[in-house]
Amino acid sequence: MAAIIGDRASIEQRRRVAAEQAQRQPVRRRHRRRRRGISELFGREERLGPPPATYYALGVVALTGVLLGLVMLLSASGPARVVRDSNPYSMVLMQALWALFGLAIAAVVLTVPYRTWRSGSSFLAVVGFVLMLLPFTPGLGKEVNDARSWIDIGGFSFQPSEPMKLILIVLVAAMLDRRHKEANNFRRTVLPLIIVFVVTGVLLLLQGDFGSLLVILAVLAAMAFMAGVPLVHLLVPIVGAGAFFWLLVLTSPRRMGRFTAFLDIEGNKDLLSYQPWQGLLSIANGGLFGSGIGGSISKLGYLPLAHSDFIFAVIADELGLVGVVAVLGVFALFCWCGVQASLAAPDRFGMLLAGGISAWFGVQAMVNIGGVVGRLPVTGLTLPFFSHGGTSMAVSIIAAGLLMNVARRGVGER
Numbered sequence: 000m001a002a003i004i005g006d007r008a009s010i011e012q013r014r015r016v017a018a019e020q021a022q023r024q025p026v027r028r029r030h031r032r033r034r035r036g037i038s039e040l041f042g043r044e045e046r047l048g049p050p051p052a053t054y055y056a057l058g059v060v061a062l063t064g065v066l067l068g069l070v071m072l073l074s075a076s077g078p079a080r081v082v083r084d085s086n087p088y089s090m091v092l093m094q095a096l097w098a099l100f101g102l103a104i105a106a107v108v109l110t111v112p113y114r115t116w117r118s119g120s121s122f123l124a125v126v127g128f129v130l131m132l133l134p135f136t137p138g139l140g141k142e143v144n145d146a147r148s149w150i151d152i153g154g155f156s157f158q159p160s161e162p163m164k165l166i167l168i169v170l171v172a173a174m175l176d177r178r179h180k181e182a183n184n185f186r187r188t189v190l191p192l193i194i195v196f197v198v199t200g201v202l203l204l205l206q207g208d209f210g211s212l213l214v215i216l217a218v219l220a221a222m223a224f225m226a227g228v229p230l231v232h233l234l235v236p237i238v239g240a241g242a243f244f245w246l247l248v249l250t251s252p253r254r255m256g257r258f259t260a261f262l263d264i265e266g267n268k269d270l271l272s273y274q275p276w277q278g279l280l281s282i283a284n285g286g287l288f289g290s291g292i293g294g295s296i297s298k299l300g301y302l303p304l305a306h307s308d309f310i311f312a313v314i315a316d317e318l319g320l321v322g323v324v325a326v327l328g329v330f331a332l333f334c335w336c337g338v339q340a341s342l343a344a345p346d347r348f349g350m351l352l353a354g355g356i357s358a359w360f361g362v363q364a365m366v367n368i369g370g371v372v373g374r375l376p377v378t379g380l381t382l383p384f385f386s387h388g389g390t391s392m393a394v395s396i397i398a399a400g401l402l403m404n405v406a407r408r409g410v411g412e413r
C-alpha cells in the first residue's frame, strides 16, 4: 500500500514538473523571438546564402555609371573651370568627394536589413519634409537657375529634393505594405498617397522644381500599381494632376515658352530652344565613334549647362553612338536588375522598395534624355550618375545600395 502511494506521488510530481516546463517553454520562445528581432535591427540576422547574380550585376552597373560619369564630367566641365578658377579638376573633385560620401553611406545601408527602414519610415518622412522647408529659411536658401531648391551653409550646397525622392519611396512602400489587404479601398489607400503627393508637390512648386514633381508622380503611380491598387482608383488622381500641370503651364510664361519651344525646336533655335538645338547639334557631331574624350566643341560656350542637364549631349559628341548605347545600357540593365530584385524580394515591402527605386531611375533618365534629344520639354532634371550635382550623385549611390540590399535577400534565384 505504501509502495502504491509512493508511485502515485512520484507520478504527480513528474506531471507538475512537466506542466511547469510547458509553461516556461512559450516564455523562452517569446524571449528568443524578442532577442532575434533586436539583433535584426542592428543588422545581425539569419545566415544568408551566397548572393544572387542580380546583387553583383547591380553593383557592377552602378559602379560603371559612377566612373563613366566622373570621366565625362571632367571632360564637360574642364574648359569652363579653367576660365573661372584656373583649375580644370575642381568640379570633378567635388563630385568625387560626394561619390565617396555616398559609397560610405551605401556600405552602411548594405549591412542593415532593409526591413529596418520600414519601421523608421515615418521618422524619415519628418526629416525629409523639414529639409524641404529649409530653402525658404532666410540665410540658408539659395536660388540657382530660377529655382530656390538649394541650401547653402558656408559655401556647402545641398539640394533636399534629391533625398526626398528616396525618402518618399521608402514611406510609400511602408504605407502600401501596411495596407496590402485594403488595396481596393480608395479612402484608406489612395487618399493618403494623394495627401503625401500634394504636400510634397506644393513644396516642390514653391521651390520651382517642376521636373522632380513629374518624376515623383510617375514613381508613386507605378508603386501603387505594383501594390495592386485598381487602375480606376489611379486614373482619378493622375487625370487631376495632369489637368493641374497643364494649368501651371498656361499660367507661367516661362513654362509656356519651354513647352512651345519643345514643339518647334528649329523654329525657336535662336532664343527659346537654343539649348535643345545645340544639344541636337552635339549629338549629330558624334557620329558612330565620336570625336574622342575632350574633343567636343559645343562645351566651349556653345552648349549651356553641358556639365549638368545636357551632359548626355557631350557624351554623344565625344563617344558617339557607342557611348550613347553604353549609357542607355547602364540604365536599362540597372532597371532590369531592379525589377528582378523586386520579383525575388521575400516580402511585399522589399518588392515595392525595389520597384520604386527602379521606376525612379528609369523615369528620371527618360525625362532627362528625352529633353536633350528634343522629344520632351526641358525640365532641369539631372541624369543620375552622370550630371554634375553632388547631392544627386550621393543619393543615387545610396539608392543603389538599398536596391542591392533587397537583391541580397532575394529568394527567387536560390
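First residue of the sequence shown: 0, per numbering that gives the first Met the number 0; consecutive thereafter.
Virtual Cβ for every residue (Gly too), placed ideally from N, Cα, C.
Distance between residue j and residue i (C-alpha atoms, nearest Å)
{"i": "A283", "j": "L69", "result": "23 Å"}
{"i": "Q405", "j": "G266", "result": "The sequence shown places Val at residue 405, rather than the Gln named in the question. Roughly 48 Å separates the two Cα atoms."}
{"i": "V228", "j": "L234", "result": "11 Å"}
{"i": "A315", "j": "L202", "result": "35 Å"}
{"i": "R254", "j": "R347", "result": "39 Å"}
{"i": "F334", "j": "P112", "result": "Before going on, a small fix: residue 334 reads as Cys here, not Phe. Looking at the two C-alpha atoms, the distance is approximately 21 Å."}
{"i": "V189", "j": "S281", "result": "44 Å"}
{"i": "L327", "j": "T250", "result": "35 Å"}
{"i": "F185", "j": "C336", "result": "32 Å"}
{"i": "S148", "j": "P49", "result": "43 Å"}
{"i": "L57", "j": "A399", "result": "7 Å"}
{"i": "G210", "j": "L380", "result": "6 Å"}
{"i": "W276", "j": "I264", "result": "6 Å"}
{"i": "M392", "j": "F385", "result": "8 Å"}
{"i": "P134", "j": "G127", "result": "12 Å"}
{"i": "V65", "j": "A98", "result": "8 Å"}
{"i": "D176", "j": "A226", "result": "8 Å"}
{"i": "R28", "j": "I215", "result": "A caution first: R28 carries a pLDDT of 42, below 50, which makes its placement in the model unreliable, though a value can still be read off. Answer to the nearest angstrom: the Cα atoms are 44 Å apart."}
{"i": "P159", "j": "G140", "result": "11 Å"}
As assigned by DSSP and simplified to three states, the class of residue i
{"i": "G285", "result": "helix"}
{"i": "G58", "result": "helix"}
{"i": "R147", "result": "strand"}
{"i": "G140", "result": "strand"}
{"i": "F385", "result": "coil"}
{"i": "L40", "result": "Bear in mind that a pLDDT of 45 at L40, under 50, signals an unreliable position, so the number given afterwards is only what the model happens to contain. Helix, per DSSP."}
{"i": "S156", "result": "strand"}
{"i": "F311", "result": "helix"}
{"i": "V377", "result": "coil"}
{"i": "Y177", "result": "The displayed chain sequence assigns Arg, not Tyr, to residue 177. Of the three classes helix, strand and coil, the one that applies to R177 here is helix, per DSSP."}
{"i": "G207", "result": "coil"}
{"i": "G400", "result": "helix"}
{"i": "L304", "result": "coil"}
{"i": "A331", "result": "helix"}
{"i": "R408", "result": "coil"}
{"i": "N367", "result": "helix"}
{"i": "A182", "result": "coil"}
{"i": "V394", "result": "helix"}
{"i": "G119", "result": "coil"}
{"i": "G48", "result": "coil"}
{"i": "P134", "result": "helix"}
{"i": "I10", "result": "Here the model assigns I10 a pLDDT of 44, short of 50, so the residue's position is not dependable, and the following value carries that caveat. Residue state, collapsed to three classes: helix."}
{"i": "D316", "result": "helix"}
{"i": "P483", "result": "It is not possible to answer for residue 483, since the shown part of the chain is limited to 0 through 413."}
{"i": "R114", "result": "coil"}
{"i": "V372", "result": "coil"}
Exposed unless 16 or more other CB atoms sit within 10 angstroms - verdict on residue i
{"i": "T390", "result": "buried"}
{"i": "A106", "result": "exposed"}
{"i": "D269", "result": "exposed"}
{"i": "A242", "result": "exposed"}
{"i": "K164", "result": "buried"}
{"i": "G415", "result": "In the structure as shown, the chain starts at 0 and stops at 413, and residue 415 therefore has no counterpart that could be examined."}
{"i": "R32", "result": "Confidence is the limiting factor: at R32 the pLDDT is only 41, short of 50, which leaves the residue's position unreliable, though a coordinate-based value still follows. Per the 10 Å Cβ criterion, exposed."}
{"i": "I152", "result": "exposed"}
{"i": "G200", "result": "buried"}
{"i": "D308", "result": "buried"}
{"i": "I368", "result": "buried"}
{"i": "S121", "result": "exposed"}
{"i": "P383", "result": "buried"}
{"i": "I396", "result": "buried"}
{"i": "R114", "result": "buried"}
{"i": "G414", "result": "Only positions 0 to 413 of the chain appear in the structure, and residue 414 is not among them; the question remains open."}
{"i": "Y88", "result": "exposed"}
{"i": "T378", "result": "buried"}
{"i": "I194", "result": "exposed"}
{"i": "H179", "result": "exposed"}
{"i": "W245", "result": "exposed"}
Extract the residue ranges of the alpha helix (DSSP H) inside the segment 216 to 298, only unbroken runs of 4 or more that lie entirely within it. 230 to 249, 252 to 262 and 273 to 285
What are the uninterrupted segments assigned as alpha helix (DSSP H) that are 4 or more residues long and contained completely in the segment 68 to 103, given in chain order? Correct list: empty.
Contact between the segment 210 to 221 and the segment 164 to 179: three or more CB pairs below 8 Å? yes
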